[in-house]
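Number 52 in the working numbering belongs to position 52 of the sequence shown; there are no gaps in the numbering.
Built from N, CA and C at the ideal position, the CB exists for glycine as well.
So the structure is just underneath, and the comments pick up after that.
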Amino acid sequence: GKGGLEHWAKVRAQCEEKFGGSDAVDELFPPEAYQLTHNALFPHDCMHVENLGGDIGLPELQNRRLTIGVFPWLFKGGEAAFCRAVAFVED
1 GKGGLEHWAK VRAQCEEKFG GSDAVDELFP PEAYQLTHNA LFPHDCMHVE NLGGDIGLPE
61 LQNRRLTIGV FPWLFKGGEA AFCRAVAFVE D
């Protein structure tokens, strides 16, 4: 993807500058909160979709209520799946 270590390091440096150093960032984002949505919600069958792309930025989808459908690729023994996410626009 577009991320990687170089991107992470740039974002970290910007956060340290904005919030007052490394210790301040560590206080805002403690190691035990790493991937909190995964670790806290998944055991309760609360799922999420991340890294959405495509037409999600279209103006006609902004600032309105949408019905979102997510259709995962089913495979045995997997923890995650590719999916097709669809926004159903109602008039």
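By a beta-carbon distance limit of 8 angstroms, Gly-69 does not contact Val-89. Their separation comes to about 12 angstroms. Separation of Asp-45 and Gln-35 (C-alpha to C-alpha, rounded to the nearest whole angstrom) is 16 angstroms. Assigned with DSSP and collapsed to three states, Phe-19 falls in helix.
Annotated as distal: Ala-80 and Leu-74, with beta-carbon spacing of 8 angstroms or more.
DSSP places Ala-85 in the strand class (E or B) of the three-state scheme.
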